[in-house]
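S.K.: First the structure, which I've put down as structure tokens, then a few questions once you've had a look.
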Ligand SMILES: Nc1ncnc2c1ncn2[C@@H]1O[C@H](COP(=O)(O)OP(=O)(O)OP(=O)(O)O)[C@@H](O)[C@H]1O
Ligand SMILES: [Mg+2]
């Protein structure tokens, strides 16, 4: 029986697309057939992680609108791993959620797992994207903002009695002053289910940029950590946290802001001379030729468009 898993988050930019692509690769490597679907309508990115951006001719909305057959829109990333692009023209507001659900449920029959890379937040787009899912994984990064936003989406799920979700920590480090640690995050969120703890990985980040994730070996610590998520998906077994913590890298040294240094009187004089006072602005404009002033105004208008 196939399962549809939505990869979602409260805050944007926490690694949903990266987790969707790597989890799809990991499942495929373990012998499962997977369809990875970009559900971030209007802002698609999953194609870049798989390196198939130049092969997209049709997308999910083309299937819904019967402009093509599913086979025309689905791209093979590697044997057993297929990909369906999000529309770049249509946003979720313009997509009929039940038609989308109908198409995906039909496609899901041909795969062991369908993974949906969702838009962030709790808006209409997110609601439509997760409504289809059998399970939701909320991706959390080691920041306070991510923690707060995750707690909000968890409350939202509990309120709407959507209890089939788990937390997936991503981009974590060994405890440090710069990032929220695994233990603090788990203490604060107190999730009922933890689907995994994934380390920050420079190798993964580079491969994601280059669209070469499928070439990263299984022995990479990120993929090793993902194997525990596979166990969670298959058996629902909770994870031994200390084993996963051992795979986390040390946090980078982040320089603290320099102490304010005393400003000399000369510097104050320069500051005053360059301040945006009416006199100074007039002085500056007077120094520009009519042509330069027209050019500046034109560039500004073009920038604002
Ligand atoms: N574990 C990780 N190690 C290294 N880099 C990571 C990790 N997770 C995510 N990143 C990087 O963080 C950036 C944001 O990731 P991604 O695009 O997957 O986030 P997202 O949640 O899908 O964003 P959006 O909400 O905009 O769709 C990317 O450059 C990605 O490569
Ligand atoms: Mg994304």
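Numbering (this note's numbering), first residue to last: 30 to 334.
Note that CB positions come from ideal geometry on N, CA and C, so glycine has one too.
In this text the structure is predicted, and so the values were computed from the model without any measurement.
Would residue 225 and residue 258 be called neighbours here (beta carbons separated by less than 7 Å)?
M.R.: The residue you call residue 225 lines up with position 196 of the chain shown. The residue you call residue 258 lines up with position 229 of the chain shown. In contact: residue 225 and residue 258 (Cβ atoms closer than 7 Å).
S.K.: Could you tell me the boundaries of the alpha helix (DSSP H) in which residue 126 lies?
M.R.: For the purposes of this step, residue 126 is taken as residue 97 along the chain shown, with counting starting at 1. From DSSP, the alpha helix (DSSP H) with residue 126 extends over 126 to 137.
S.K.: Less than 7 Å between the beta carbons of residue 135 and residue 33, yes or no?
M.R.: Translated into positions along the chain shown, residue 135 becomes position 106. Translated into positions along the chain shown, residue 33 becomes position 4. Their beta carbons are not under 7 Å apart, which means residue 135 does not touch residue 33 by this criterion.
S.K.: Is there contact between the segment 237 to 253 and the segment 54 to 72, where contact requires at least three CB pairs shorter than 8 Å?
M.R.: Output reads yes: the segment 54 to 72 touches the segment 237 to 253.
S.K.: Are at least three pairs of beta-carbons, each pair with one atom in the segment 148 to 164 and one in the segment 119 to 137, less than 8 Å apart?
M.R.: Yes, the segment 148 to 164 touches the segment 119 to 137.
S.K.: On the criterion of 16 or more Cβ atoms from any shown chain inside 10 Å, does residue 199 qualify as buried, or is it exposed?
M.R.: Within the chain shown, numbered from 1, the residue matching residue 199 stands at position 170. It counts as buried.
S.K.: For a test of the three-state rule: what should DSSP assign to residue 81, helix, strand or coil?
M.R.: Numbered from 1 along the chain shown, position 52 holds the residue referred to as residue 81. Coil, per DSSP.
S.K.: Can you give me the C-alpha to C-alpha distance between residue 187 and residue 206, rounded to a whole angstrom?
M.R.: Here the question's residue 187 lines up with position 158 in the chain shown. Here the question's residue 206 lines up with position 177 in the chain shown. Approximately 32 Å between the Cα atoms of the pair.
S.K.: Per the DSSP calculation, residue 166 is bridged to which residue(s)?
M.R.: Start at 1 with the first residue of the chain shown, and residue 166 comes out as number 137. Per DSSP, 36, 195.
S.K.: If I measure Cβ to Cβ from residue 204 and keep anything under 7 Å in the same chain, skipping five residues before and after, which residues do I get?
M.R.: Here residue 204 corresponds to residue number 175 of the chain shown, with the count starting at 1. Same-chain partners within the cutoff: 210.
S.K.: How big is the Cα-Cα spacing for residue 36 and residue 153?
M.R.: Looking up residue 36 in the chain shown gives position 7. Looking up residue 153 in the chain shown gives position 124. For residue 36 and residue 153, the distance between alpha carbons rounds to 16 Å.
S.K.: Do the segment 42 to 52 and the segment 129 to 146 meet, that is, are 3 or more Cβ pairs less than 8 Å apart?
M.R.: Touching, per the Cβ criterion.
S.K.: Near ligand 4, which residues have their beta-carbon closer than 7 Å to a heavy atom?
M.R.: With respect to ligand 4, the structure offers nothing, as its ligand set consists of ligand 1 and ligand 2.
S.K.: Classify residue 236 as helix, strand or coil using the three-state DSSP reduction.
M.R.: Against the chain shown, residue 236 aligns to sequence position 207. Three-state DSSP puts residue 236 in a helix.
S.K.: With DSSP as the reference, label residue 261 as helix, strand or coil.
M.R.: Taking the first residue of the chain shown as 1, we reach residue 261 at position 232. Helix, per DSSP.
S.K.: Around the Cβ of residue 73, are there at least 16 other Cβ atoms within 10 angstroms (buried) or fewer (exposed)?
M.R.: Counting from 1 along the chain shown, the entry for residue 73 is found at position 44. With 16 or more other Cβ atoms within 10 Å, it is buried.
S.K.: Shortest alpha-carbon distance to residue 82 belongs to which of 132, 227, 215, 116?
M.R.: Along the chain shown, one-based indexing puts residue 82 at 53. If we check each option's Cα against that of residue 82, 116 comes out closest.
S.K.: Give the DSSP-derived three-state secondary structure of residue 155 in the structure shown.
M.R.: As a working note, residue 155 is residue 126 in the chain shown. Residue 155 falls in the helix class under three-state DSSP.
S.K.: Would DSSP call residue 148 helix, strand or coil?
M.R.: Reading the chain shown from its first residue, position 119 is the one you call residue 148. In this structure, residue 148 counts as coil in the three-state DSSP scheme.
S.K.: Measure how close the beta-carbons of residue 92 and residue 102 come, nearest whole angstrom, since I'm counting them as under 8 Å.
M.R.: For the purposes of this step, residue 92 is taken as residue 63 along the chain shown, with counting starting at 1. For the purposes of this step, residue 102 is taken as residue 73 along the chain shown, with counting starting at 1. That belief holds up - the Cβ atoms of residue 92 and residue 102 are roughly 5 Å apart, short of 8 Å.
S.K.: Cβ of residue 262 less than 7 Å from any chain D Cβ?
M.R.: Within the model displayed, chain D is absent; a lone protein chain is all it includes.
S.K.: If you follow the beta strand (DSSP E) that residue 111 is in, where does it begin and where does it stop?
M.R.: Here residue 111 refers to the residue found at position 82 of the chain shown. Counting along the chain, the beta strand (DSSP E) containing residue 111 begins and ends at 110 to 113.
S.K.: Hey, would you say residue 89 sits closer than 7 Å to residue 113, going by beta carbons?
M.R.: What you label residue 89 is simply residue 60 of the chain shown in a count that begins at 1. What you label residue 113 is simply residue 84 of the chain shown in a count that begins at 1. Cβ atoms of residue 89 and residue 113: closer than 7 Å.
S.K.: Taking only three categories from DSSP, how would you classify residue 143?
M.R.: Translated into the one-based positions of the chain shown, residue 143 becomes position 114. Of the three classes helix, strand and coil, the one that applies to residue 143 here is strand, per DSSP.
S.K.: What does DSSP give as the partner residues of residue 107 in its beta bridges?
M.R.: For the purposes of this step, residue 107 is identified with residue 78 of the chain shown, where counting begins at 1. Answer is 110.
S.K.: Below 8 Å on the Cβ atoms is my contact criterion, and I expect residue 141 with residue 62 to pass it. Report the Cβ-Cβ distance as a whole number of Å.
M.R.: Indexing the chain shown from 1 puts residue 141 at position 112. Indexing the chain shown from 1 puts residue 62 at position 33. So it is a contact: roughly 5 Å between Cβ atoms.
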